[in-house]
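There are 2 protein chains.
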Amino acid sequence: MLEFAILGLLHESPMHGYELRKQLTTKLGAFRAAISYGSLYPTLRRLQAAGWITEESGAPAADAPLLTNRRSRVVYKITAEGKERFQELLSSAGPETFDDPGFGVHFAFFARTDQATRLRILEGRRRRVEERREGMRDVLSRAAERLDAYTLELQRHGLDACEREVRWLEELIAHERSGRPPEVTTPSNLPPDQPEQ
Amino acid sequence: MLEFAILGLLHESPMHGYELRKQLTTKLGAFRAAISYGSLYPTLRRLQAAGWITEESGAPAADAPLLTNRRSRVVYKITAEGKERFQELLSSAGPETFDDPGFGVHFAFFARTDQATRLRILEGRRRRVEERREGMRDVLSRAAERLDAYTLELQRHGLDACEREVRWLEELIAHERSGRPPEVTTPSNLPPDQPEQ
DNA sequence: CCCCGATGTATCGGGGCGATACATCGCACG
DNA sequence: CGTGCGATGTATCGCCCCGATACATCGGGG
């Protein structure tokens, strides 16, 4: 999950950890909150051990302030195997749980995903949210009198959010089916379906 | 967090693990998805070690099917110290992160929380969601042209959800301030501000 | 009669998180 | 001019939670 996101970002350009975290936070910010260093660095270590990325002791750019001592910045770079791995993860759907942040991560890289996979992931997500929605409806209709007002309100709010997300997914799915893959308002700078290398 | 929720449920009545999980799933279902047994049982173990709850080898009720062998159901029960602990947790606000499920848990037990604490927690939550909302607005306004269409759409959807939650919280806060603590539509069976024992 | 789904208890490995520590850099304010 | 603070930057530790899995019992329907 984090592995997928990191590979995706490093696929675009090499980076050091701090920058990586910032990009992760904004890119995945919609479904996840902040990525902790306690997750980031161990994951980088794992990726490195698996051979998906390599570590380079930061080559100072033209404007680099001279880093006299050890512990300078470390730049991570994706390998060919890492790119393969990323392509593999691109078409694999996340697990079947509702609050899985994996959906948000996948969505964030939809520009690099082929349309069939996009559709599959969107529909999978819709199914899970619908299931959750039904569960909440059951609670609200069948057990309403056994719950206090605050719990009910919480349930109502959750149900509302589910319904809204289902509608959002419906729109995305319809849009996806009707040919034109990208979105409504703004132009993209990453043309889809163009795996480089 | 789980600790808090378990104490809250056992405060209402003793239960065994399976039932506990079901109740947790519906009660906290709005902000969290499902509680795993891999969390539940270790937490029960911890609570037991701390002395907040006790374990009773399931006394068979009148209709109990005779459980001949070992491994029958285990009923957990809150202790006096556990009730103290719960009262202590009731008035403590969760951590300062956005996607902290602690808010949902606290909210689920608002019927047992005094109004001042309710207000404090609601306002704390509002502040955090507002911060997140501002962050997303910045991304959308400042870095819009540097992101692909899907990432933008994800951001838009997240921003929308934040705005909606802020509005929801505003309503709850206003309602809370204007005297009448419970909610709008349905009657409650747990009168607030009545700590038993 | 037999199997299946619900009930029920429990463990294990893996991975994410908050807290924390530490070092450097640029700059604003006194 | 210097100093101290906030941003940049790397890294670890312990805690907790999750998904997968195993196992046992029970009621009922084919």
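Top to bottom, those sequences are chains A and B. Residues -11 to 185 in our numbering are what the first sequence lists, from first letter to last. Residues -11 to 185 in our numbering are what the second sequence lists, from first letter to last. For each residue, glycine too, the CB sits at the ideal point set by N, CA and C.
Return helix, strand or coil for residue i, following the three-state DSSP convention.
| i | result |
| --- | --- |
| Met(-11)(A) | coil |
| Ser45(B) | strand |
| Asp51(A) | Bear in mind that the predicted position of Asp51(A) carries a pLDDT of just 38, short of 50, making it unreliable; the figure below should be weighed with that in mind. In the structure shown, Asp51(A) sits in coil (DSSP, three-state: anything other than H, G, I, E or B). |
| Ala18(B) | coil |
| Gly167(B) | coil |
| Arg58(A) | In this prediction, Arg58(A) scores a pLDDT of 47, lower than 50, which makes its location untrustworthy; the coordinate-derived value is nonetheless stated afterwards. The answer is coil: DSSP assigns Arg58(A) none of H, G, I, E or B. |
| Lys10(B) | helix |
Using the DSSP secondary-structure output, state which residues sit across from residue i in a beta bridge.
| i | result |
| --- | --- |
| Tyr25(A) | None, per the DSSP bridge assignment. |
| Ile66(B) | Ile41(B) |
| Met3(B) | Tyr64(B) |
- request: Could you say if the stretch 36 to 47 of chain A and the stretch 8 to 17 of chain A meet the contact criterion of at least three C-beta pairs nearer than 8 Å?
  value: no
field: Chain-ordered residues of the stretch 131 to 159 of chain A with a beta carbon less than 9 Å from chain B
entry: Ala131, Ala132, Glu133, Arg134, Leu135, Asp136, Ala137, Tyr138, Thr139, Leu140, Glu141, Leu142, Gln143, Arg144, His145, Gly146, Leu147, Asp148, Ala149, Arg152, Glu153, Trp156
message: Short of 8 Å Cβ to Cβ, which residues in the stretch 65 to 89 of chain B face chain A?
response: Thr85, Phe86, Asp87
query: Going along the stretch 14 to 28 of chain A in order, which residues come within less than 9 Å of chain B, judged by CB to CB distance?
result: Thr14, Lys15, Leu16, Gly17, Ala18, Phe19, Arg20, Ala21, Ala22
message: To be precise: take each residue of the stretch 117 to 132 of chain B, compare its Cβ to all Cβ atoms of chain A, and keep it if any distance is under 8 Å. Which residues remain?
response: Arg120, Gly123, Met124, Val127, Ala131, Ala132
message: Check whether the stretch 144 to 151 of chain B and the stretch 111 to 127 of chain B are in contact - that is, three or more C-beta pairs closer than 8 Å.
response: yes
- request: Give a yes or no on contact between the stretch 152 to 159 of chain A and the stretch 19 to 38 of chain B, applying the rule of three or more CB pairs nearer than 8 Å.
  value: no
task: Pull out every residue of the stretch 95 to 108 of chain B whose Cβ sits closer than 7 Å to any Cβ of chain A, in chain order.
output: Phe95, Ala96, Phe98, Ala99
At least 3 beta-carbon pairs within less than 8 Å: the stretch 127 to 144 of chain A vs the stretch 89 to 101 of chain B: yes
- request: List in chain order: all unbroken alpha helix (DSSP H) runs of 4+ residues lying wholly within the stretch 81 to 147 of chain B.
  value: 90 to 96, 103 to 130
message: Could you check whether the stretch -3 to 10 of chain A touches the stretch 59 to 67 of chain A, counting it as contact only if at least three pairs of C-beta atoms, one from each stretch, sit closer than 8 Å?
response: yes
message: If contact is defined by three or more beta carbon pairs under 8 Å, each pair taking one atom from either stretch, is the stretch -10 to -3 of chain B in contact with the stretch 125 to 134 of chain A?
response: no
message: Would the stretch 69 to 83 of chain B count as touching the stretch 21 to 29 of chain B if we require 3 or more Cβ pairs under 8 Å?
response: no
- request: May I ask you to list, following chain order, the residues of the stretch -11 to 13 of chain B that have a beta carbon less than 7 Å from some beta carbon of chain A?
  value: none
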